[in-house]
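Those sequence lines, one after another, are chains B and G.
According to this note's numbering, the first sequence is numbered sequentially starting from 1.
According to this note's numbering, the second sequence is numbered sequentially starting from 125.
As structure tokens, the structure follows; a few thoughts come after it.
There are 2 protein chains.
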Amino acid sequence: MQIEKIIEEKNLKLTTARKELLGIFVASSKPLCFEDIKSKLNMDKATFYRNVSKFESEAILNSFESNDKKRYYEINESAHAHFVCNRCNQIECLKEKLDYKLRGYIIADVIFKGVCKQCNQMSL
Amino acid sequence: MQIEKIIEEKNLKLTTARKELLGIFVASSKPLCFEDIKSKLNMDKATFYRNVSKFESEAILNSFESNDKKRYYEINESAHAHFVCNRCNQIECLKEKLDYKLRGYIIADVIFKGVCKQCNQMSL
DNA sequence: CTCTTAAATGCAACTTAGTCGCATTTACTT
DNA sequence: AAGTAAATGCGACTAAGTTGCATTTAAGAG
Chain B
1 MQIEKIIEEK NLKLTTARKE LLGIFVASSK PLCFEDIKSK LNMDKATFYR NVSKFESEAI
61 LNSFESNDKK RYYEINESAH AHFVCNRCNQ IECLKEKLDY KLRGYIIADV IFKGVCKQCN
121 QMSL
Chain G
125 MQIEKIIEEK NLKLTTARKE LLGIFVASSK PLCFEDIKSK LNMDKATFYR NVSKFESEAI
185 LNSFESNDKK RYYEINESAH AHFVCNRCNQ IECLKEKLDY KLRGYIIADV IFKGVCKQCN
245 QMSL
């Protein structure tokens with residue numbers, strides 16, 4: 001199973017909590033916060049946070065904060081931009097590759113904020 | 125004084141707290157959070173938050189969350205992008221105008237995250 | 001397969017940004 | 001100057017995330 005391979009490749013102990021957690025992120029098409037998945041999780045929130053933190057430092061996940069004071073995590077594969085809706089607070093992964101450039105800076109992430117397609121449609 | 129004019133134009137009561145608060149934002153060249161200015165403020169934090177919130181709904185300020193779980197506020201004038209450094213957590217206003225387009229979406233803000241000039245320089 | 005040990009977990013207590021209810025004060029109107 | 005709705009201060013509260021510590025578990029050695 002690829003999940004176990006990912007964990008072992010980073011020389012992390014293969015615990016049930018880690019398999020469960022990483023499985024959820026691998027299966028998700030969008031960034032998730034603790035709140036989103038806590039009901040599915042068989043682990044303490046401390047374990048969640050310690051593990052996502054470790055996954056992030058091992059470059060398995062990356063994360064950012066949204067509009068709602070929560071940190072969202074997702075599998076670190078192809079770099080892509082995100083759209084955060086100021087109305088519904090939903091986070092979307094955009095297909096946009098991060099080909100933005102700023103002289104002297106390293107750009108790791110781009111977040112667009114505003115009104116998403118759905119909310120925009122509804123207000124017409 | 126222009127500060128008083130801004131407040132009165134929105135039909136808000138001209139209180140000392142509001143004058144003080146808006147004065148600080150008008151004078152600042154970058155977004156500020158409560159933490160940044162609390163030592164200068166002669167008001168309770170509840171008053172701070174209620175007022176920035178009201179200013180925001182009146183389009184005097186706008187705000188976003190940074191990397192540090194804090195909400196940053198700035199005067200709402202020319203729309204511009206922001207750069208948030210993942211190392212030093214500093215927020216910079218970029219000169220970039222927001223001429224980004226995404227079909228179906230309304231883009232109100234763009235936040236770049238990564239490593240800022242200074243931190244990038246230091247790591248060479 | 002069992003023993004050992006360092007690392008991971010669960011739990012409870014804690015931290016901190018921000019919110020809320022309520023009694024008091026203040027800005028504006030007449 | 002008086003009345004009133006809105007603003008303020010205070011203290012209690014909420015919720016995300018962190019930390020210390022006792023217990024459990026994964027992985028390697030024998």
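Note that the Cβ used here is the ideal one computed from N, Cα and C, for glycine as well.
Owing to the predicted nature of the structure, the values given are computational and were not obtained by experimental measurement.
*Can you tell me whether residue 227 of chain G is buried or exposed, with buried defined as 16 or more other CB within 10 angstroms of its CB?*
As a working note, residue 227 of chain G is residue 103 in the second sequence. With fewer than 16 Cβ atoms within 10 Å of its Cβ, residue 227 of chain G is classed as exposed.
*Mind checking residue 74 of chain B: buried by the 16 CB within 10 Å criterion, or exposed?*
Translated into positions along the first sequence, residue 74 of chain B becomes position 74. Residue 74 of chain B comes out buried.
_Report the CB separation of residue 65 of chain B from residue 189 of chain G in whole angstroms; it is logged as a contact under 8 angstroms._
The residue labelled residue 65 of chain B in the question sits at position 65 within the first sequence. The residue labelled residue 189 of chain G in the question sits at position 65 within the second sequence. At roughly 5 angstroms, the Cβ-Cβ gap stays under 8 angstroms, so residue 65 of chain B and residue 189 of chain G are in contact.
*Below 8 angstroms CB to CB, which residues in the same chain sit around residue 45 of chain B once its five sequence neighbours on both sides are set aside?*
Position 45 of the first sequence holds residue 45 of chain B. Counting only Cβ-Cβ distances below 8 angstroms, and skipping sequence neighbours, we find 34 and 38.
*Completely contained beta strand (DSSP E) runs for the segment 57-112 of chain B, where each covers 3 or more residues*: DSSP runs (the beta strand (DSSP E)) wholly in the segment 57-112 of chain B: 61-65, 71-75, 80-85 and 91-97.
_Using only the alpha-carbon positions, how far apart do residue 179 of chain G and residue 118 of chain B sit?_
Position 55 of the second sequence, counted from the first residue, corresponds to residue 179 of chain G. Position 118 of the first sequence, counted from the first residue, corresponds to residue 118 of chain B. Approximately 27 angstroms, taken between the alpha carbons.
*Note down the Cα distance separating residue 89 of chain B from residue 206 of chain G, rounded to an integer number of angstroms.*
The sequence position of residue 89 of chain B within the first sequence is 89, counting from 1. The sequence position of residue 206 of chain G within the second sequence is 82, counting from 1. When the Cα atoms are used, residue 89 of chain B and residue 206 of chain G turn out to be separated by approximately 20 angstroms.
*Give the interface partners of residue 207 of chain G over in chain B, defined as CB-CB distance under 8 angstroms, in chain order.*
Here the question's residue 207 of chain G lines up with position 83 in the second sequence. Those are 102 and 105, listed as they occur along chain B.
*Can a CB atom of chain B be found closer than 8 angstroms to the CB of residue 233 of chain G?*
Position 109 of the second sequence, counting from 1, holds the residue named residue 233 of chain G. True, the Cβ-Cβ gap to chain B drops below 8 angstroms.
*Rounded distance between the beta-carbons of residue 120 of chain B and residue 230 of chain G, thought under 8 angstroms*: Counting from 1 along the second sequence, the entry for residue 230 of chain G is found at position 106. Counting from 1 along the first sequence, the entry for residue 120 of chain B is found at position 120. Between the beta-carbon of residue 230 of chain G and that of residue 120 of chain B there is about 6 angstroms, and that keeps the pair under the 8 angstroms contact cut.
_Cα-Cα separation between residue 187 of chain G and residue 58 of chain B, rounded to whole angstroms_ = Looking up residue 187 of chain G in the second sequence gives position 63. Looking up residue 58 of chain B in the first sequence gives position 58. Taken atom to atom, the span from the alpha-carbon of residue 187 of chain G to that of residue 58 of chain B is near 32 angstroms.
_Short Cβ contact (8 angstroms threshold) for residue 138 of chain G with residue 128 of chain G_ = Within the second sequence, residue 138 of chain G is the residue found at index 14, counting from 1. Within the second sequence, residue 128 of chain G is the residue found at index 4, counting from 1. Contact: yes.
*Per DSSP, which residues does residue 238 of chain G bridge with? Please list them.*
Within the second sequence, numbered from 1, the residue matching residue 238 of chain G stands at position 114. Note: residue 238 of chain G sits in a beta bridge opposite B/107 and G/209.
*What residue from B/80, B/68 and B/22 has the CA that sits closest to residue 52 of chain B's CA?*
Translated into positions along the first sequence, residue 52 of chain B becomes position 52. Comparing Cα-Cα distances from residue 52 of chain B to each of B/80, B/68 and B/22, the minimum goes to B/22.
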